[in-house]
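Student: Take the numbering used here: the last position of the sequence shown gets the number 332, and nothing is skipped along the way.
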Amino acid sequence: MKVLFIAEHGNMPSIRLRLTDCFERYRAAGIQPTLLTAGSNFADRLQLITAAGRHDVVVLHRTTGFSQLQLRLLRRANPRLIFDFDDALMFRDQKYGQPLRARTFAKFVRTIGSCSAVVAGNEFLACFARGGDREVVVLPTPIEVTKYETKTERAGRGKTIGWLGLSDGFVYLQQIAPALRRLSELFPELRLKVVSDKPFLLDGVRVDNEPWRAETEQANLAEFDVGIMPLLDSAWTRGKCSYKILQYMGVGTAVVASPVGMNSEVIVPGENGLFATSQDDWVNSVGSLLENAELRAQFGRAGRELVERKYCTEHYAHAYIELMGKVAQRTR
1 MKVLFIAEHG NMPSIRLRLT DCFERYRAAG IQPTLLTAGS NFADRLQLIT AAGRHDVVVL
61 HRTTGFSQLQ LRLLRRANPR LIFDFDDALM FRDQKYGQPL RARTFAKFVR TIGSCSAVVA
121 GNEFLACFAR GGDREVVVLP TPIEVTKYET KTERAGRGKT IGWLGLSDGF VYLQQIAPAL
181 RRLSELFPEL RLKVVSDKPF LLDGVRVDNE PWRAETEQAN LAEFDVGIMP LLDSAWTRGK
241 CSYKILQYMG VGTAVVASPV GMNSEVIVPG ENGLFATSQD DWVNSVGSLL ENAELRAQFG
301 RAGRELVERK YCTEHYAHAY IELMGKVAQR TR
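1) I49 to T111, Cα distance in whole Å?
2) What residue range does the alpha helix (DSSP H) around R191 cover?
3) Could you pull the DSSP bridge partners for F5 from this structure?
4) Using the Cα positions of L202 and L81, report the straight-line distance between them to the nearest angstrom.
5) When you compare only the Cα positions, how much space is there between E185 and A179?
6) Suppose you measure from the CA of Y320 to the CA of V327; what does that come to, to the nearest Å?
7) Could you give the first and the last residue of the continuous beta strand (DSSP E) run that contains M229?
8) Out of curiosity, what's the CA-to-CA distance linking T277 and R182?
9) I believe V58 touches A52 by the beta-carbon criterion, under 8 Å. Please report the beta-carbon distance rounded to the nearest angstrom.
10) Anyone know if the C-beta pair for Y248 and F224 falls short of 8 Å?
11) Would you kindly check if the distance between the Cβ of R157 and the Cβ of L290 is under 8 Å?
12) At a Cβ threshold of 8 Å, is P142 touching chain C?
13) On the three-state DSSP scale, how would you describe T160?
14) Return the bridge partner residues of D208 from the DSSP annotation.
15) Does DSSP put L274 in a helix, in a strand, or in coil?
16) Measuring straight from C-alpha to C-alpha, what distance separates E271 and R301?
17) Just grab the DSSP bridge partners of E135 for me.
18) Name the DSSP bridge partner or partners of C312?
19) In the DSSP assignment, what residue or residues form a beta bridge with D84?
20) Determine the DSSP secondary structure at P178, reduced to helix, strand or coil.
21) Flag this pair as yes or no: are the beta carbons of L164 and N209 separated by less than 8 Å?
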């Protein structure tokens with residue numbers, strides 16, 4: 001079976017995490033994957049449409065920029081289309097502080113309306129994809145656990161709060177700035193380690209910035225005593241797939257997060273992590289874990305077990321292979 005994956009553009013982390021990390025497993029299952037980017041002009045799109053006709057299945061990854069005519073031509077070339085997304089693309093204007101636009105939502109609806117199946121990163125996203133005879137499968141962005149070595153929990157007080165992500169997420173760190181400052185007062189040796197594409201600065205808090213690199217990601221994650229994922233509550237953030245949390249759990253790091261969207265599905269408070277909403281919540285939840293190495297280790301073990309059981313790349317790839325096989329059998 002030949003499968004063409006079309007991505008919105010070539011530098012998205014999700015291309016690696018949701019697509020190419022699985023290609024070796026797909027090949028082992030007899031699938032020949034090809035990855036192309038969507039391009040922006042009509043000539044590029046026509047080449048893609050021609051290529052689509054030479055494949056058994058086409059997967060559109062986060063690509064909602066095709067016009068109605070282009071989608072019609074694409075579907076005529078190959079009606080076996082799957083749409084894959086792991087963010088609330090229909091609400092992406094909200095990410096940049098702009099009002100929600102009907103045009104953005106219409107592009108999303110137009111795209112999924114042309115597809116035979118949809119793979120959504122969480123249940124919130126899936127709700128917007130259901131309708132008609134489309135098959136909708138929920139597959140959160142997975143963790144390649146074979147590459148994540150479980151850390152050994154340090155005894156004594158924790159000294160490092162960690163956050164990993166792109167700099168456009170700094171707004172979420174800023175929202176808990178008062179709590180981070182208070183924690184820095186309570187724990188004089190505390191540092192906030194930020195692994196990102198740009199440095200993060202916060203008065204009153206010792207911040208250690210580390211540029212994100214694939215080859216050092218695991219080592220940086222292992223330095224976190226407590227991993228945090230603060231979020232504002234909005235339609236955009238409810239579409240997030242808790243990937244930070246899963247990364248923290250993948251190395252056995254205790255987690256504190258906002259109870260927003262999929263975070264509420266992944267974390268069982270008191271079992272594998274803690275929630276925080278107010279500034280006091282953040283101080284108390286993070287502080288309790290910094291004080292208690294045994295509790296950090298307990299949460300870390302439970303988190304790792306959850307990732308292995310439910311959110312690993314092996315399970316994700318198996319489910320995707322099954323779906324692509326079903327779609328390949330369809331005639332329209």
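Every residue, glycine too, gets a C-beta built ideally from N, C-alpha and C.
The structure displayed is predicted, hence computed values, not measured ones.
Tutor: Per the coordinate set shown:
1) Translated into positions along the sequence shown, residue 49 becomes position 49. Translated into positions along the sequence shown, residue 111 becomes position 111. Answer to the nearest angstrom: the Cα atoms are 15 Å apart.
2) Locating residue 191 in the sequence shown gives position 191, where the first residue counts as 1. No alpha helix (DSSP H) contains R191, which is instead part of the beta strand (DSSP E) from R191 to S196.
3) Position 5 of the sequence shown, counting from 1, holds the residue named residue 5. The partner list for F5 (beta bridge, DSSP) reads L35 and V59.
4) Translated into the one-based positions of the sequence shown, residue 202 becomes position 202. Translated into the one-based positions of the sequence shown, residue 81 becomes position 81. Approximately 46 Å, taken between the alpha carbons.
5) Within the sequence shown, residue 185 is the residue found at index 185, counting from 1. Within the sequence shown, residue 179 is the residue found at index 179, counting from 1. Spanning the two alpha carbons is a distance of roughly 10 Å.
6) The sequence position of residue 320 within the sequence shown is 320, counting from 1. The sequence position of residue 327 within the sequence shown is 327, counting from 1. Cα to Cα, the separation comes out at about 11 Å.
7) As a working note, residue 229 is residue 229 in the sequence shown. First-last of the beta strand (DSSP E) with M229: V226 to M229.
8) Translated into positions along the sequence shown, residue 277 becomes position 277. Translated into positions along the sequence shown, residue 182 becomes position 182. If you draw a straight line from the Cα of T277 to the Cα of R182, it is about 15 Å long.
9) For the purposes of this step, residue 58 is taken as the residue at position 58 of the sequence shown. For the purposes of this step, residue 52 is taken as the residue at position 52 of the sequence shown. V58 to A52, Cβ: 5 Å. Contact.
10) Indexing the sequence shown from 1 puts residue 248 at position 248. Indexing the sequence shown from 1 puts residue 224 at position 224. For Y248 and F224, yes; Cβs fall inside 8 Å.
11) Stepping through the sequence shown from its first residue, residue 290 is reached at position 290. Stepping through the sequence shown from its first residue, residue 157 is reached at position 157. Yes, they are a contact pair.
12) Within the model displayed, chain C is absent; a lone protein chain is all it includes.
13) Your numbering for residue 160 matches position 160 in the sequence shown. Here T160 sits in strand by DSSP.
14) To locate residue 208, count along the sequence shown from 1; it is residue 208. Paired residue(s): K193.
15) Translated into the one-based positions of the sequence shown, residue 274 becomes position 274. Of the three classes helix, strand and coil, the one that applies to L274 here is strand, per DSSP.
16) To locate residue 271, count along the sequence shown from 1; it is residue 271. To locate residue 301, count along the sequence shown from 1; it is residue 301. Cα to Cα, the separation comes out at about 10 Å.
17) Here the question's residue 135 lines up with position 135 in the sequence shown. Bridge partners of E135: A117.
18) Residue numbering aside, residue 312 sits at position 312 when the sequence shown is read from its first letter. Partner(s): I143.
19) The residue labelled residue 84 in the question sits at position 84 within the sequence shown. Looking at the DSSP output, D84 shares a beta bridge with H61 and V119.
20) Along the sequence shown, read from residue 1 onward, the residue named residue 178 stands at position 178. Note: P178 maps to helix in three-state DSSP.
21) Mapped onto the sequence shown, residue 164 falls at position 164. Mapped onto the sequence shown, residue 209 falls at position 209. The Cβ atoms of L164 and N209 do not sit closer than 8 Å to each other.
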